[in-house]
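S.K.:
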Amino acid sequence: MRTEVARVSGFPAAALKSTQTIVGDLGFDSIMITDLFGGVSRAFPGLVVEPNWFSPNRTLGEVIEHVTASRAPGSRRTVTAVPEPEQTVAPEFRIAEFPEVQALAARLTSAEGLGVTNPYFLVNDGVTRDTSTIGGAEVVNFSSYNYLGMSGHPAVVSAVQDAVARYGSSCSASRLLSGEKPVHRELEAELAGLLGTEDAIALVSGHATNVTVIGHLLGEGDLIIHDSLAHDSILQGCALSGATRRPFPHNDHVALDALLTAIRSQYRRVLIVIEGVYSQDGDIPDLPAMIAVKKKHQALMMVDEAHSIGVLGATGGGIGEHFDVDRDDVELWSGTMSKALAGCGGYVAGSAELIRFLKYTAPGFVYSVGMTPMNAAASLAAIRQMRAEPEALDRLRRNSRLFLQLATDAGIDTGDSKDTPVIPCIVGDSLRTLALSNALLRRGINVNPILYPAVPEDLARLRFFVTSCHTEDQIRSTVAALADELATLVAAA
Ligand SMILES: Cc1ncc(COP(=O)(O)O)c(C=O)c1O
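Numbering follows this note's numbering, in which position 61 of the sequence shown is assigned residue number 239; successive positions increment by one, without gaps.
1. Which term fits residue 477, buried or exposed, when burial requires 16 or more other beta carbons within 10 angstroms of its beta carbon?
2. Report the rounded CA-to-CA distance for residue 256 versus residue 473, giving the unit in angstroms.
3. Hey, which unbroken runs of the beta strand (DSSP E) at 3 residues or more fall wholly within the stretch 296-369?
4. What three-state label does DSSP hand residue 225 in the structure shown?
5. Specify the secondary structure class of residue 277 as computed by DSSP and reduced to three states.
6. Which term fits residue 602, buried or exposed, when burial requires 16 or more other beta carbons within 10 angstroms of its beta carbon?
7. Ends of the beta strand (DSSP E) at residue 235?
8. Just to confirm, does residue 412 get its C-beta within under 8 Å of one of the non-hydrogen atoms of ligand 1?
9. Which residues does DSSP list as the beta-bridge partners of residue 525?
10. For residue 484, verify whether its CB is less than 8 Å away from any heavy atom of ligand 1.
11. Can you say whether residue 231 is buried or exposed, counting buried as having 16 or more other CB atoms within 10 angstroms of its CB?
12. In chain order, what residues of the same chain have a beta carbon less than 6 Å from the beta carbon of residue 338, not counting five sequence neighbours either side?
13. Is the Cβ-Cβ distance between residue 238 and residue 286 less than 9 Å?
14. Below 9 Å between beta carbons: does that hold for residue 503 and residue 466?
15. Is residue 299 close to chain C? Criterion is C-beta to C-beta, closer than 9 Å.
16. Take residue 610 and list the residues in its own chain whose beta-carbon comes closer than 7 Å to its own, dropping the five residues that flank it on each side.
17. If you check the beta carbons only, do residue 549 and residue 522 fall under 9 Å apart?
18. Locate the alpha helix (DSSP H) running through residue 558, then write down its first and last residues.
19. For residue 404, which three-state DSSP category applies?
20. Kindly list the residues whose CB is nearer than 6 Å to the CB of residue 186, restricted to its own chain and excluding five residues on each side of it in sequence; keep chain order.
21. Is it buried or exposed for residue 220, if we count other Cβ within 10 angstroms and need 16 for buried?
22. Residue 423 bridges to which residues according to DSSP?
23. In the DSSP assignment, what residue or residues form a beta bridge with residue 199?
24. Roughly how many whole angstroms lie between the Cα atoms of residue 515 and residue 558?
25. Quick check on DSSP: helix, strand or coil for residue 243?
26. Take residue 192 as the anchor and find which of 180, 608, 482 has the nearest alpha-carbon.
27. Along the chain, where does the beta strand (DSSP E) that runs through residue 572 open and close?
28. With a cut-off of 8 Å, do at least 3 Cβ pairs link the stretch 377-384 to the stretch 521-536?
29. Which word fits residue 651, buried or exposed, when buried means at least 16 other C-beta atoms lie within 10 angstroms of its C-beta?
30. Do the CB positions of residue 512 and residue 375 come within less than 9 Å of each other?
31. How about the stretch 614-633 and the stretch 478-485: do they share at least three Cβ pairs that are nearer than 8 Å?
32. Provide the residue span of the alpha helix (DSSP H) that contains residue 468, from first to last.
33. Alpha helix (DSSP H) containing residue 626: first to last residue?
34. What distance in whole Å lies between the Cβ atoms of residue 612 and residue 629, which are believed to be in contact at a cut-off of 8 Å?
35. Which of the three DSSP states, helix, strand or coil, is assigned to residue 204?
36. In its own chain, which residues sit with a C-beta less than 8 Å from the C-beta of residue 361, not counting the 5 before and 5 after it?
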């Protein structure tokens, strides 16, 4: 018991006194108390501590006595001693002196010295779609994932205006308490309809959706096995969960199967996490093959559809529609509202039980304000508009095919991109990639460089997001300018 209190509190076990109160003297908050009793019941299987028994003025001595009296007869714990601190640690208390803060400052300064312009935090005025306005000048834009042009679409703008007039600009409470608005329910019903699931939940951030949902459903003793190109939000969710994390080689279901064959038996829950469209490479997984592996190993599956919802599938229903899989074969269809769906926030679609559980317990939902009514209205209107205007999806596909065809004809390395609007131009060197993006911007074309450490140095690239709004002319002249600037770079090398 002392060991557990030491683990959670950080105090050395030898310094703990039986007369100290858990809350007042040892500073436990509710999360630490839950952690403490979780640890104690793992140590003594069968031990049950009634939640009502504990009160803030309980002392360590009382807790030890109670746990000793309540544990199952004969149950013993294996004591792991908490090592006493051996040395004092040099304190760091000035943020400007943190090594990582200084490393960033040095990187930014050295980039300035190399004669390239910082490509980050460019101010984009106006609606960002096929064009954008930077520094007062209109540029052709390939840097935003407004895939269907729904952000700025008149039907979406008008829905947002109506929502703010009706509900104000905030729901001013967690939805669990008093923040629930009709527009949240309508959006979730629309998402569930689009994805063919029983229900859906909408949260305030796409990134935070993965963090909180993965962090909440998995824990110690579980395994999360994810594609090696997984988005940061998935990795953060893994870290939060405390589960073991293992990447598998990109899109390789055979390697996934082999890994699970070797290690599945050590874990209680196993979650396989893949994405619908990979956002740096523009390729898609073989979903039916992944599902077959998942079923074979009694695993759960989460598919992050950030870049595939409103992009893949005959009606924009994502990768599940693209491959026509049984929707019940994937437990968690997650995604974000910020791309094709013209809003801001994340969602998870799945069974009614899953969604009810998340709505009552997922920390990033319960302890966070409800999605703003305007954002919910924007994505709701975007889904409805996508249904009313299927030509937008046709244009997106036509434009994506045209860009890829022209780029490959021009000998540009587009990696594994196929059938998606995410098309990289792999340059293989961060500095040259930066120079290329600067050169294109001077010619009125805005495309973001993706540099190390976001991708390995030899895969540094420009990443083009094609949208349904681009004209054939814009695409042809951009690929021509890109080929031209690449040739200049090669000649100068
Ligand atoms: C695969 C993936 N998941 C999650 C997110 C996070 O979504 P948001 O930017 O809406 O927070 C992104 C964003 O780029 C993403 O690409």
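Virtual Cβ for every residue (Gly too), placed ideally from N, Cα, C.
M.R.: Reading from the atomic positions:
1. buried
2. Unreliable positioning characterises residue 256 in this predicted model, as indicated by a pLDDT of 48, which lies under 50. A coordinate reading is not provided.
3. 309-312, 315-319
4. If DSSP states are grouped into helix, strand and coil, residue 225 belongs with coil.
5. helix
6. buried
7. Where residue 235 is concerned, there is no enclosing beta strand (DSSP E), given that its DSSP letter is neither H nor E.
8. yes
9. 380, 513
10. Yes, Cβ of residue 484 sits closer than 8 Å to a heavy atom of ligand 1.
11. exposed
12. 552, 555, 556
13. no
14. Yes, these two residues count as a Cβ contact at 9 Å.
15. No chain C appears in the structure shown, which is made up of a single protein chain.
16. 667
17. yes
18. 551-566
19. strand
20. Cβ within range, chain order: 210, 213, 214.
21. Around the beta carbon of residue 220, fewer than 16 other beta carbons lie within 10 angstroms, which makes this residue exposed.
22. 402
23. 237
24. Each residue's alpha carbon lies about 10 Å from the other.
25. helix
26. 180
27. No beta strand (DSSP E) contains residue 572, which is instead part of the alpha helix (DSSP H) from 569-587.
28. yes
29. exposed
30. no
31. no
32. 465-474
33. Counting along the chain, residue 626 falls outside any alpha helix (DSSP H), though it belongs to the beta strand (DSSP E) covering 626-628.
34. 7 Å
35. DSSP places residue 204 outside both helix and strand once states are collapsed to three, so it counts as coil.
36. The residues are 341, 345, 551, 554, 555, 558.
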